[in-house]
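Residue numbers (this note's numbering): 2 to 492.
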């Protein structure tokens, strides 16, 4: 089924149609979205980059002081609980801001790429309390600004960021023959070296060996995190000295001012296997679970011709005929489904802050959930505030948790599953229908099912779905079925 190009662009390369927002119809329009998104200011972290570092270092310092006091037999449970609450509060504010940005941004291709690369270079806010505050910072300062430039630059920024070093335990790794290992017996951690080769660059099955994993881990020794400044630092006393051979190349610890890890990352970025792995993964994310080789070969050729310029790789994909054919090959991930649902329902921007107010129990800013309940005659009480908070959470962060894709919490370093069979399950479909019903009841009171179908899917709606919606026994049922329809759950 052929779709109008703006419809296909919004659904396949963005987060769906939204009333009042125009969609691009070609590669130039999508690349313009990317450029404008990079130039714009992200909504998270809420305090900005400098402010977030100040906030995080303050909370981390308090936590460290309490831990030291506890070791000395003088624990302060109130400080421990307060820092935990503060970190969780910051995480929720940031997560809601990220959700709001995806819903309201006119730069859908930029937003989708942000999610793609955060998944490729996965880190998790659940790793530790500080990571609740560091991971949003990581996305904004390391990933998003570099999504249209050199892959080598993106790779270095991602791998050498404190979030990645902490997540994959690089801050615990020391060279077996290093001074630190000799003094306290600590050893090598291969997590980052392994994921660097398997996930971030060459790809599984590309021919590297366990010896190569170990070599990469040895080259990375010396890298750790300054928790006070939240910056990567190099500590020679933790590094493995001497010559280390990886994939036939020698790396010397004392060469170029102990920058052997940087040279390794640049060499991995330039490896032809990396180009093949990354180009196929991009096409698999946007086009189909198994993109044809003749499409990815065009992208790889563009990679090689531009020395790994990601903007040129995207353009090669977007200018390929397959980029505008065979819609509906992918199942939306939960985040995509919820965001596209809110976009179709045309949730006002100020209502996102009101939703958060509902979740925080703030009576001064009653959100749409609270208003819906007040219209039903509900009294403002402690019990009612708890109900509003539960409803707001069930529409947003709680919904994503139940569907299996909580924000900044991938299940593993491999990220979130990106194949259809991961999301085509009875449990997943049940959760989506439940969300659709709740969202339609609370946010769709003024909508008619037939009109909403046109807004949400335009010409992507099949005649069969149009017939089903026209025969819905009630308005709520009709609105729910639009969001639960096969076309709305595909892209």
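C-beta: ideal position from N, C-alpha, C; glycine also.
Please read all numbers here as calculations on a predicted model, not as lab measurements.
If you draw a straight line from the C-alpha of residue i to the C-alpha of residue j, how long is it?
i           : j           : result
residue 236 : residue 17  : 47 Å
residue 184 : residue 215 : 22 Å
residue 269 : residue 122 : 15 Å
residue 57  : residue 476 : 47 Å
residue 100 : residue 229 : 29 Å
residue 453 : residue 349 : 16 Å
residue 37  : residue 297 : 26 Å
residue 271 : residue 306 : 12 Å
residue 26  : residue 441 : 30 Å
residue 1   : residue 332 : No statement about residue 1 is possible, as the shown extent of the chain runs from 2 to 492 and does not include it.
residue 408 : residue 75  : 36 Å
residue 6   : residue 338 : 20 Å
residue 469 : residue 450 : 10 Å
residue 140 : residue 157 : 14 Å
residue 473 : residue 464 : 15 Å
residue 273 : residue 162 : 25 Å
residue 77  : residue 151 : 48 Å
residue 291 : residue 8   : 23 Å
residue 356 : residue 187 : 47 Å
residue 42  : residue 53  : 15 Å
residue 46  : residue 410 : 16 Å
residue 88  : residue 131 : 7 Å
residue 67  : residue 80  : 7 Å
residue 11  : residue 19  : 9 Å
residue 262 : residue 49  : 29 Å
residue 480 : residue 445 : 7 Å
residue 364 : residue 303 : Residue confidence is low: residue 364 scores 49 on pLDDT, short of 50, so the model does not pin down where it sits. No coordinate-derived value is stated.
residue 218 : residue 250 : 15 Å
residue 32  : residue 383 : 49 Å
residue 253 : residue 460 : 59 Å
residue 70  : residue 181 : 26 Å
residue 293 : residue 3   : 19 Å
residue 191 : residue 28  : 40 Å
residue 55  : residue 199 : 34 Å
Which stretch, first to last residue, makes up the alpha helix (DSSP H) that contains residue i?
i           : result
residue 201 : Careful: residue 201 lies outside any alpha helix (DSSP H) and carries neither H nor E.
residue 98  : 78 to 105
residue 332 : Residue 332 -> no alpha helix (DSSP H), and no H or E assigned at all.
residue 55  : 49 to 72
residue 111 : 109 to 121
residue 470 : 464 to 471
residue 460 : Note, residue 460: premise wrong, no alpha helix (DSSP H); not H, not E.
residue 132 : 132 to 139
residue 498 : Shown here, the chain extends from 2 to 492; a query on residue 498 therefore has no answer.
residue 439 : 427 to 444
residue 162 : Taken as a continuous stretch (DSSP letters only), residue 162 belongs to no alpha helix (DSSP H), as it is neither H nor E.
residue 3   : No alpha helix (DSSP H) contains residue 3, which DSSP labels as neither H nor E.
residue 181 : 180 to 185
residue 195 : 192 to 196
residue 39  : 28 to 40
residue 482 : 476 to 485
residue 421 : 421 to 424
Is the CB of residue i under 7 Å away from at least one CB in chain D?
i           : result
residue 470 : Although the question refers to chain D, the structure presented lacks it and comprises just one protein chain.
Hey, is residue i close to the ligand NAP, as in C-beta under 6 Å from one of its heavy atoms?
i          : result
residue 65 : Summarising the ligand content, the structure contains no ligands, and the ligand NAP is consequently not present.
Give me the Cβ distance between residue i and residue j, rounded to the nearest whole Å; I'm assuming they're in contact under 8 Å.
i           : j           : result
residue 171 : residue 221 : 6 Å
residue 113 : residue 15  : 6 Å
residue 494 : residue 328 : One cannot answer for residue 494 here, as it falls past the ends of the chain, which runs 2 to 492.
residue 353 : residue 91  : With 8 Å as the limit, residue 353 and residue 91 do not qualify as a contact, their Cβ atoms being about 17 Å apart.
residue 169 : residue 196 : 6 Å
residue 149 : residue 35  : 6 Å
**Message:** So within the segment 213 to 278, which uninterrupted beta strand (DSSP E) runs reach at least 3 residues, ignoring any that extend past its ends?
**Reply:** 224 to 227, 232 to 235, 244 to 247 and 250 to 253
**Request:** For the segment 175 to 189 and the segment 76 to 93, state whether three or more C-beta atom pairs, one from each stretch, are separated by less than 8 Å.
**Result:** Because the criterion of three Cβ pairs below 8 Å is not met, the segment 175 to 189 and the segment 76 to 93 do not touch.
**Asked** Is the segment 434 to 454 touching the segment 122 to 132, taking contact as three or more C-beta pairs under 8 Å?
**Response** no
**Asked** Which whole runs of the alpha helix (DSSP H) in the segment 286 to 332 are 4 residues long or more, in chain order?
**Response** 294 to 306 and 311 to 319
**Prompt:** Are at least three pairs of beta-carbons, each pair with one atom in the segment 241 to 256 and one in the segment 276 to 285, less than 8 Å apart?
**Reply:** no
**Message:** Measuring CB atoms only, is the segment 338 to 347 touching the segment 476 to 490, in the sense that at least three cross pairs come out at less than 8 Å?
**Reply:** yes
**Prompt:** Pairing CB atoms from the segment 390 to 407 with CB atoms from the segment 305 to 325, are three or more of them under 8 Å?
**Reply:** No: the two stretches stay apart, fewer than three of their Cβ pairs being nearer than 8 Å.
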